[in-house]
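First residue of the sequence shown: 141, per the numbering used here; consecutive thereafter.
First comes the structure, then the notes that go with it.
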Amino acid sequence: MDEKIRMVIDEVIAEVSVLKGQDIYLVEAAIRGGGRKIELTVDTDRGVSIDICAKLSRNIRERLENEEEFAPLADGEFDLTVSSPGLGEPVRVDRQYLRHVGRLLRVVYLDAEEEKQELTGRLVGASIDADDPSIVIEPLVSAKKKKVAAVPPVTLRLADVVKAMVEIEF
Numbered sequence: 141m142d143e144k145i146r147m148v149i150d151e152v153i154a155e156v157s158v159l160k161g162q163d164i165y166l167v168e169a170a171i172r173g174g175g176r177k178i179e180l181t182v183d184t185d186r187g188v189s190i191d192i193c194a195k196l197s198r199n200i201r202e203r204l205e206n207e208e209e210f211a212p213l214a215d216g217e218f219d220l221t222v223s224s225p226g227l228g229e230p231v232r233v234d235r236q237y238l239r240h241v242g243r244l245l246r247v248v249y250l251d252a253e254e255e256k257q258e259l260t261g262r263l264v265g266a267s268i269d270a271d272d273p274s275i276v277i278e279p280l281v282s283a284k285k286k287k288v289a290a291v292p293p294v295t296l297r298l299a300d301v302v303k304a305m306v307e308i309e310f
């Protein structure tokens with residue numbers, strides 16, 4: 141049943157994308173208990189409004205409650221949560237990098253020796269449609285009372301990125 145629920149979710153996302161004129165995509169989906177608990181995280185290249193989350197929630201709920209093949213869910217006794225990625229959550233889908241260009245990012249990645257490294261810097265570019273998707277980060281340099289030479293931007297293959305988090309700037 142989880143696969144059928146996922147198909148409904150994908151169909152409704154496509155329908156609402158057309159309706160709202162924004163390309164909405166699924167970042168994460170958790171379907172548990174035969175559909176009794178559904179948690180979705182969605183995004184767009186410009187960010188997600190509460191209006192989009194509410195519309196998706198209403199439309200998905202309506203489809204699940206009204207289609208015969210989902211009879212066990214027809215009584216409405218299931219939890220459905222549709223939200224946007226929050227601050228401090230890791231980047232989960234390559235496409236999210238496009239939305240975060242210009243923001244500060246903390247990235248854990250594997251270097252040439254397969255050792256974990258950490259880099260914090262400004263995301264200045266993202267190439268996700270290439271044969272070898274990558275991001276370009278301008279490292280953050282802290283200079284305390286001494287001059288520091290400019291550090292060139294670093295290009296990281298997305299295949300080497302273990303975790304990327306948007307940092308909150310004040």
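Cβ atoms here follow ideal geometry from the backbone N, Cα and C, with glycine treated the same way.
Apart from sequence neighbours up to five positions away, the residues of its chain that approach residue 239 with a beta-carbon distance below 6 angstroms are 185, ordered along the chain. By the Cβ-count criterion, residue 206 is exposed, with fewer than 16 other Cβ atoms from all chains shown falling within 10 Å of its own Cβ. Taking the Cα of residue 222 as reference, the smallest distance to any Cα among 307, 309, 149 and 304 is reached at 149.
The beta carbons of residue 261 and residue 279 sit closer together than 8 angstroms. The beta-carbon separation of residue 241 and residue 265, rounded to 7 angstroms, stays under the 8 angstroms limit for a contact.
For residue 274, the enclosing beta strand (DSSP E) covers residues 274-279. Looking at 306, 204 and 243, the one whose alpha-carbon comes closest to that of residue 178 is 204. Between the beta-carbon of residue 250 and that of residue 302 there is about 6 angstroms, and that keeps the pair under the 8 angstroms contact cut. Distance from residue 153 to residue 182 at the Cβ level is roughly 7 angstroms; contact confirmed, criterion being Cβ atoms closer than 8 angstroms.
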